[in-house]
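Enquirer: This is the structure, below, for whatever I ask next.
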Amino acid sequence: MFSEIGEMKEEFFKRLKEKREKLNLEIKEVVEKTKLHPSVIKAIEEGRLEEINPVYLKGFVKIYASFLGEKLDEDVEKSLFSQGEKKEIKSKREYFTPHIFFSKLFLFISKIKKFLFFSIIFFLIFFSCLFFFKLFKRKAPSHPLKRRNIAVKEKSRHRISASKEINVSLTVKKECFLKVLVDGEVVFEGILRKGSIENWQAKKEIELRRISDGSAIEVEVNGELLPSLSKIHKPVKSLRITSTKISVVK
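Here is the structure:
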């Protein structure tokens, strides 16, 4: 009786394998469709049921048979879960559960590896850019405040004669704050409105200090228009005009 059932099972599992091959299905394709592990499919086709956890055995066989369009024989189904079969399966130490566990563990580790790999690449690029940025910034020469002379054309009419008084005319293009010293004395300190024109005379020097915006004013010295103190909105510390030179501290 048991030998007949055993032969029926073997025949049934053999039929499943033949059906799969007849349908030209690779085990890989079956795995994608049924979600069964490759080792489960091979164990079913070869009748090595002791390798499959008895808790999942019946369900796995039904899923595989149904996928191939094969009906599970009643006698085979009963034999799968007969008492004798359960004892035989329980006597074995190899179950499918570890396979599932290690398979999922391997998949999880693979995903973690990919994530770690791309994370490391990202941080390497990020810190490399940060390093080179700091290095470049560190090497960039600092520009200390220095006194610059405004270029004056080398023509006699642009030179300031020592025998003449210094006449400075200032035209305000935009509202601006400044402080004016004539021969060392403060003659003005405050805000000049747009459009206003101011004139000062001195024997030795005229100095404009704390100019809030160098681009906001036009300065003429003895009738000669000076180059703009700044092309953009930028404060100027000092514009000093003497009988021999003009100097700017920005």
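Following this note's numbering, the numbering of the sequence shown begins with 190 at its first residue and continues without gaps.
All C-beta atoms in this analysis are idealised placements derived from N, C-alpha and C, irrespective of residue type, glycine included.
From a predicted model like this one, the values you see are computed outputs, not experimental measurements.
(1) Alpha carbon to alpha carbon, how far is Lys-198 from Glu-221?
(2) Would you give the residue range spanned by the beta strand (DSSP E) that Glu-396 belongs to?
(3) Using C-beta distances below 6 Å, list every residue in its chain close to Asp-402, excluding the 5 sequence neighbours before and after it, in chain order.
(4) When the Cα of Lys-224 is compared with those of Val-410, Pro-243, Gly-248 and Glu-266, which residue comes out closest?
(5) Which residue's Cα is closest to the Cα of Val-357: Glu-394, Tyr-253, Ser-419 and Ile-241?
(6) Rounded to whole angstroms, what is the Cα-Cα separation between Ser-419 and Phe-306?
(7) To which residues does DSSP link Glu-413 through a beta bridge?
(8) State buried or exposed for Ile-386, treating a residue as buried only when at least 16 other CB atoms are found within 10 Å of its CB.
(9) Using the DSSP secondary-structure output, state which residues sit across from Asn-388 in a beta bridge.
(10) Can you list, in chain order, the residues of its chain with a C-beta nearer than 8 Å to that of Thr-431? Leave out the 5 residues immediately preceding and following it.
(11) Taking the straight line between their C-alpha atoms, what separation do you get for Phe-202 and Ile-309?
(12) Are the CB atoms of Arg-398 and Ser-436 within a distance shorter than 8 Å?
(13) Anyone know if the C-beta pair for Val-361 and Ala-405 falls short of 8 Å?
(14) Write down every uninterrupted run of the alpha helix (DSSP H) in the segment 190-234 whose length is 4 residues or greater and which is fully enclosed by it, in chain order.
(15) Output the distance between the C-alpha atoms of Leu-313 and Phe-295, rounded to the nearest integer angstrom.
(16) Considering only the beta carbon of each residue, do Glu-263 and Leu-205 sit closer than 8 Å?
(17) May I ask you to report which of helix, strand or coil DSSP gives Thr-431?
(18) Helix, strand or coil for Leu-381? Go by DSSP, reduced to three states.
(19) Going by beta carbon distance, what residues of the same chain come within less than 6 Å of Ile-380, once the five residues before and after it are set aside?
(20) Decide if Arg-209 is buried, meaning its Cβ has at least 16 other Cβ atoms within 10 Å, or exposed.
(21) Give every residue of the same chain whose Cβ lies closer than 7 Å to the Cβ of Asp-372, excluding the five residues on either side of it in the sequence, and list them in chain order.
Expert: Inspection of the coordinates gives the following:
(1) Within the sequence shown, the letter at position 9 stands for residue 198. Within the sequence shown, the letter at position 32 stands for residue 221. Lys-198 and Glu-221 have their C-alpha atoms spaced approximately 25 Å apart.
(2) Position 207 of the sequence shown, counted from the start, is the residue given in the question as residue 396. For Glu-396, the uninterrupted beta strand (DSSP E) segment begins and ends at 394-400.
(3) Here residue 402 corresponds to residue number 213 of the sequence shown, with the count starting at 1. Cys-365 and His-422, listed in sequence order.
(4) Taking the sequence shown and counting its residues from 1, the one referred to as residue 224 is at position 35. Ranked by Cα distance from Lys-224, the first of Val-410, Pro-243, Gly-248 and Glu-266 is Gly-248.
(5) To locate residue 357, count along the sequence shown from 1; it is residue 168. Here the closest residue by C-alpha is Glu-394.
(6) In the sequence shown, counting from the first residue as 1, residue 419 sits at position 230. In the sequence shown, counting from the first residue as 1, residue 306 sits at position 117. For the pair Ser-419 and Phe-306, the Cα-to-Cα distance works out to about 52 Å.
(7) The residue labelled residue 413 in the question sits at position 224 within the sequence shown. Its beta-bridge partners are Val-410.
(8) Here residue 386 refers to the residue found at position 197 when the sequence shown is read from its first residue. Exposed, since its Cβ has fewer than 16 Cβ neighbours within 10 Å.
(9) For the purposes of this step, residue 388 is taken as residue 199 along the sequence shown, with counting starting at 1. Beta-bridge pairing links Asn-388 to Ser-358.
(10) In the sequence shown, the residue the question calls residue 431 occupies position 242. Around Thr-431, the same chain offers Ile-349, Ile-355, Lys-393 and Glu-394 as residues with beta carbons nearer than 8 Å, after the five sequence neighbours per side are excluded.
(11) Within the sequence shown, numbered from 1, the residue matching residue 202 stands at position 13. Within the sequence shown, numbered from 1, the residue matching residue 309 stands at position 120. Looking at the two C-alpha atoms, the distance is approximately 49 Å.
(12) Translated into positions along the sequence shown, residue 436 becomes position 247. Translated into positions along the sequence shown, residue 398 becomes position 209. Arg-398 sits away from Ser-436, with the two beta carbons spaced by 8 Å or more.
(13) Sequence index remark: in the sequence shown, residue 361 carries index 172 (1-based). Sequence index remark: in the sequence shown, residue 405 carries index 216 (1-based). Pairing Val-361 with Ala-405 gives a Cβ-Cβ distance under 8 Å.
(14) Counting whole runs of 4 or more residues, the segment 190-234 contains the alpha helix (DSSP H) stretches 191-211, 216-223 and 227-234.
(15) Against the sequence shown, residue 313 aligns to sequence position 124. Against the sequence shown, residue 295 aligns to sequence position 106. The straight-line gap from Cα to Cα measures roughly 27 Å.
(16) Counted from its first residue, the sequence shown places residue 263 at position 74. Counted from its first residue, the sequence shown places residue 205 at position 16. By the CB criterion at 8 Å, Glu-263 and Leu-205 fall outside the cutoff.
(17) The count along the sequence shown starts at 1 and reaches residue 431 at position 242. The answer is strand: DSSP assigns Thr-431 an E or B state.
(18) Reading the sequence shown from its first residue, position 192 is the one you call residue 381. Correct three-state label for Leu-381: strand.
(19) Numbered from its first residue, the sequence shown carries residue 380 at position 191. Once the five neighbours on either side are set aside, the close Cβ partners of Ile-380 are Phe-366.
(20) Stepping through the sequence shown from its first residue, residue 209 is reached at position 20. With 16 or more other CB atoms across the displayed protein chains lying within 10 angstroms of its CB, Arg-209 is buried.
(21) Within the sequence shown, the letter at position 183 stands for residue 372. Cβ within range, chain order: Ala-391, Lys-392, Lys-393 and Glu-394.
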